[in-house]
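This report refers to the structure that appears directly beneath it.
There are 2 protein chains.
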Amino acid sequence: MDEKITVVAVDAMGGDNAPAEIVKGAVEAVNERDDIKVVLVGIKDAITAELKKYEYNKKQISITEATEVIETGEPPVKAIRGKKDSSIVVGLNLVKHEEADAFVSAGSSGAILVGGQLIVGRIKGIERPPLAPLIPTKDGVALLIDCGANVDARSSHLVQFANMGSIYMENVVGIKKPRVAIVNIGAEEEKGNALVKETMPLLKECEDINFIGSIEARDIPEGYADVIVCEAFVGNVILKLYEGIGNVMLRKIKGGLMSSVRSKIGALLIKPALKKTLKAFDTKEYGGAPLLGLKGLVVKTHGSAKAVEVKNSIIQCVSFKNGKINEKIKENIL
Amino acid sequence: MDEKITVVAVDAMGGDNAPAEIVKGAVEAVNERDDIKVVLVGIKDAITAELKKYEYNKKQISITEATEVIETGEPPVKAIRGKKDSSIVVGLNLVKHEEADAFVSAGSSGAILVGGQLIVGRIKGIERPPLAPLIPTKDGVALLIDCGANVDARSSHLVQFANMGSIYMENVVGIKKPRVAIVNIGAEEEKGNALVKETMPLLKECEDINFIGSIEARDIPEGYADVIVCEAFVGNVILKLYEGIGNVMLRKIKGGLMSSVRSKIGALLIKPALKKTLKAFDTKEYGGAPLLGLKGLVVKTHGSAKAVEVKNSIIQCVSFKNGKINEKIKENIL
Numbered sequence: 004m005d006e007k008i009t010v011v012a013v014d015a016m017g018g019d020n021a022p023a024e025i026v027k028g029a030v031e032a033v034n035e036r037d038d039i040k041v042v043l044v045g046i047k048d049a050i051t052a053e054l055k056k057y058e059y060n061k062k063q064i065s066i067t068e069a070t071e072v073i074e075t076g077e078p079p080v081k082a083i084r085g086k087k088d089s090s091i092v093v094g095l096n097l098v099k100h101e102e103a104d105a106f107v108s109a110g111s112s113g114a115i116l117v118g119g120q121l122i123v124g125r126i127k128g129i130e131r132p133p134l135a136p137l138i139p140t141k142d143g144v145a146l147l148i149d150c151g152a153n154v155d156a157r158s159s160h161l162v163q164f165a166n167m168g169s170i171y172m173e174n175v176v177g178i179k180k181p182r183v184a185i186v187n188i189g190a191e192e193e194k195g196n197a198l199v200k201e202t203m204p205l206l207k208e209c210e211d212i213n214f215i216g217s218i219e220a221r222d223i224p225e226g227y228a229d230v231i232v233c234e235a236f237v238g239n240v241i242l243k244l245y246e247g248i249g250n251v252m253l254r255k256i257k258g259g260l261m262s263s264v265r266s267k268i269g270a271l272l273i274k275p276a277l278k279k280t281l282k283a284f285d286t287k288e289y290g291g292a293p294l295l296g297l298k299g300l301v302v303k304t305h306g307s308a309k310a311v312e313v314k315n316s317i318i319q320c321v322s323f324k325n326g327k328i329n330e331k332i333k334e335n336i337l
Numbered sequence: 004m005d006e007k008i009t010v011v012a013v014d015a016m017g018g019d020n021a022p023a024e025i026v027k028g029a030v031e032a033v034n035e036r037d038d039i040k041v042v043l044v045g046i047k048d049a050i051t052a053e054l055k056k057y058e059y060n061k062k063q064i065s066i067t068e069a070t071e072v073i074e075t076g077e078p079p080v081k082a083i084r085g086k087k088d089s090s091i092v093v094g095l096n097l098v099k100h101e102e103a104d105a106f107v108s109a110g111s112s113g114a115i116l117v118g119g120q121l122i123v124g125r126i127k128g129i130e131r132p133p134l135a136p137l138i139p140t141k142d143g144v145a146l147l148i149d150c151g152a153n154v155d156a157r158s159s160h161l162v163q164f165a166n167m168g169s170i171y172m173e174n175v176v177g178i179k180k181p182r183v184a185i186v187n188i189g190a191e192e193e194k195g196n197a198l199v200k201e202t203m204p205l206l207k208e209c210e211d212i213n214f215i216g217s218i219e220a221r222d223i224p225e226g227y228a229d230v231i232v233c234e235a236f237v238g239n240v241i242l243k244l245y246e247g248i249g250n251v252m253l254r255k256i257k258g259g260l261m262s263s264v265r266s267k268i269g270a271l272l273i274k275p276a277l278k279k280t281l282k283a284f285d286t287k288e289y290g291g292a293p294l295l296g297l298k299g300l301v302v303k304t305h306g307s308a309k310a311v312e313v314k315n316s317i318i319q320c321v322s323f324k325n326g327k328i329n330e331k332i333k334e335n336i337l
């Protein structure tokens with residue numbers, strides 16, 4: 004592979020809006036950047052029909068056929084083992100065989116997490132690969148790690164999450180000495196569950212990270228830390244609640260604005276400002292969640308991903324490659 | 004005690020706004036309801052000075068002196084054992100000796116949780132008393148149980164939480180056959196951490212509750228369940244994140260509205276509608292969190308509680324007494 008080009012395999016069949024929005028996102032990515040090549044993985048005829056709608060540099064997009072599709076409800080291990088010609092398995096194999104730098108999919112989370120480990124494989128020394136999405140904060144973003152890959156984690160896993168998350172934020176997002184915090188139920192030293200109490204002294208000993216101690220959930224949206232370490236169950240609750248509260252508040256505000264003539268007129272005037280504000284607080288604006296600690300890059304985007312999220316997720320892979328994240332994780336683990 | 008009157012001991016010294024807002028809330032409560040008597044517990048001179056500012060029925064408010072104050076940072080067990088004449092210890096003793104039906108405090112959470120168990124004591128058979136606040140949903144409220152009292156809970160605790168929560172929602176909030184759900188990271192049967200997997204079949208066997216299965220955090224604000232069962236660490240994260248996201252979104256929206264002349268004019272027009280909407284989604288509007296399963300009622304309000312929250316928390320105690328919650332919990336446990 005050309006070192007200056009990032010090759011991204013994209014699951015054209017995954018998610019609620021496949022293949023239309025996935026293909027559109029891929030086209031937008033290559034039209035924006037000439038250092039990206041996209042390999043669309045899936046049913047050839049369906050992909051070709053979508054591609055015909057757009058103008059783009061033909062050298063930047065190719066198709067690799069995969070005739071099967073893994074559905075969201077399928078048991079992950081069985082699906083990965085049984086559907087060898089699915090877009091997820093074929094896409095992950097492109098990464099395994101170094102024909103692609105990264106694989107992006109809006110398909111079944113379970114299948115991507117299992118497939119990433121079984122096919123691409125973990126970096127030697129990494130105990131568990133965490134899923135690490137960026138979430139919006141008051142003035143920027145924070146990395147939430149882990150948020151769904153490994154429930155019932157041990158303290159040694161959390162220490163690896165802290166290290167990998169710190170490397171990611173520094174080299175992909177560009178935050179110098181990112182502040183690393185562990186999710187806790189109070190700022191006081193003696194608070195926490197058994198896992199947090201066990202992990203806390205281990206994190207304090209880490210010389211390579213800027214560990215700032217506990218963070219209460221209330222302070223996550225305030226942006227008090229750049230890397231938010233937690234086990235997957237808690238991380239999943241945080242991520243999903245971000246989405247849920249955002250959605251409900253938005254609908255309530257819209258409903259409230261339509262409640263009187265006065266507020267309806269006001270609503271027209273504030274629409275652009277409100278839209279911009281809410282967009283900044285939408286988890287979908289920040290691309291996909293990387294599954295860190297694998298030998299190649301695997302990125303999970305929302306099942307409901309539209310073209311803009313697919314595009315952002317593809318472009319994110321360039322920073323990951325150019326930032327040499329995996330090389331740095333390997334050095335750190337040794 | 005007169006059965007028709009609910010006597011509420013109120014910690015006049017607890018919280019950021021004590022004693023002014025606490026006393027004000029007590030006065031507002033007795034001015035609204037003639038079936039309430041409030042016993043203000045704390046430093047007499049300070050309370051008297053505040054009471055002088057208001058008109059109210061003198062028979063409905065009395066003072067019980069307590070000369071000490073437990074500060075937020077103090078280690079709870081030591082504070083409860085050491086400060087025998089603190090407003091928290093004196094107030095809890097009024098409940099223990101049946102001189103009050105309930106104790107309301109905006110003071111140290113830790114001290115209230117520890118003191119509630121040590122002084123008032125658990126109902127026989129209750130393994131751990133959960134803290135259970137009401138949180139806003141799209142069109143109403145849900146009871147979040149447990150949210151801070153017991154980390155590292157066992158499945159048998161969660162089953163008791165589900166039962167007590169269901170009784171509370173039915174008899175205090177007035178929801179018939181409340182839908183009970185357990186917080187999980189996916190709707191599928193095989194998902195969850197060890198605790199959730201162990202608790203799920205036990206909840207299915209409960210005949211007295213309307214158990215509807217798993218709830219993802221995303222669906223909590225949507226109002227898909229009335230009683231949200233979880234262990235305290237997760238519950239604390241949910242509660243605090245509700246507050247944090249609400250606060251940050253509100254500030255961002257306000258900031259966005261001030262960004263142009265157009266939106267400033269719009270902001271003036273929508274202000275009443277927006278305020279109403281955001282008020283409905285403010286956790287402070289729903290009174291305090293009861294600590295369920297104790298021999299008397301203990302209610303924790305926010306440290307930042309203002310008069311309106313104090314008033315609501317006091318009035319809430321009437322429904323608790325009249326709904327015979329503790330009698331029903333006792334029957335259920337047998």
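Residue numbers (my numbering), protein chains in the order written: chain A, 4 to 337; chain B, 4 to 337. Glycine residues also receive a C-beta, built at the ideal position from the N, C-alpha and C atoms. Bear in mind that the values here come from a model prediction, so they are computed numbers and not experimental data.
Where the beta strand (DSSP E) through residue i begins and ends
i              : result
D14 (chain B)  : 9-14
A184 (chain A) : 182-187
S217 (chain B) : 213-219
I25 (chain A)  : Counting along the chain, I25 (chain A) falls outside any beta strand (DSSP E), though it belongs to the alpha helix (DSSP H) covering 23-35.
V313 (chain A) : Taken as a continuous stretch (DSSP letters only), V313 (chain A) belongs to no beta strand (DSSP E), being part of the alpha helix (DSSP H) at 310-325.
Assigned exposure category for residue i - 16 Cβ within 10 Å defines buried
i              : result
V302 (chain B) : buried
S112 (chain B) : buried
N60 (chain A)  : exposed
K7 (chain A)   : exposed
H160 (chain B) : buried
M167 (chain B) : buried
D142 (chain B) : exposed
D19 (chain B)  : exposed
S307 (chain B) : exposed
R84 (chain A)  : exposed
A52 (chain B)  : exposed
T140 (chain B) : buried
P204 (chain B) : exposed
D104 (chain B) : buried
M261 (chain A) : exposed
G258 (chain A) : exposed
Terminal residues of the alpha helix (DSSP H) in which residue i lies
i              : result
R265 (chain B) : 264-283
V162 (chain A) : 158-171
S307 (chain A) : Element bounds for S307 (chain A): n/a, residue is neither H nor E.
E208 (chain B) : 197-208
E6 (chain A)   : Segment: none, E6 (chain A) is in no alpha helix (DSSP H) and carries neither H nor E.
K179 (chain A) : Per DSSP, K179 (chain A) belongs to no alpha helix (DSSP H) and is neither H nor E.
E334 (chain B) : 328-336
Assigned secondary structure, residue i (DSSP; H/G/I helix, E/B strand, else coil)
i              : result
A105 (chain A) : strand
T67 (chain A)  : strand
I338 (chain A) : The requested residue 338 (chain A) is not part of the displayed model; chain A covers only 4 to 337.
E234 (chain B) : coil
L84 (chain A)  : Before going further, note that residue 84 (chain A) is Arg rather than Leu in the sequence given. Helix, per DSSP.
K40 (chain A)  : strand
G258 (chain B) : helix
S111 (chain B) : coil
DSSP bridge partner residues for residue i (one or two, in chain order)
i              : result
P139 (chain A) : A:V144
P293 (chain B) : B:V302
G45 (chain B)  : B:E68
S90 (chain A)  : Its beta-bridge partners do not exist; DSSP assigns none.
L134 (chain B) : B:L294
query = Along the stretch 283-308 of chain A, what residues have a CB closer than 8 Å to any CB found in chain B?
reply = A283, F284
ask   = Going along the stretch 79-90 of chain B in order, which residues come within less than 8 Å of chain A, judged by CB to CB distance?
value = none
message = Residues of the stretch 141-171 of chain B in Cβ contact with chain A at a cutoff of 7 Å, in chain order, please.
response = K141, G151, V154, D155
query = Listed in chain order, which residues of the stretch 204-225 of chain B have Cβ atoms closer than 8 Å to some Cβ of chain A?
reply = E219, A220, R221, D222, I223, P224, E225
ask   = For the stretch 315-334 of chain A, which residues have a CB atom closer than 7 Å to at least one CB atom of chain B, in sequence order?
value = none
task = With 8 Å as the limit, tell me which residues of the stretch 253-271 of chain A have their beta carbon closer than that to any beta carbon of chain C; keep them in chain order.
result = The structure shown contains no chain C; the protein chains it does contain are A and B.
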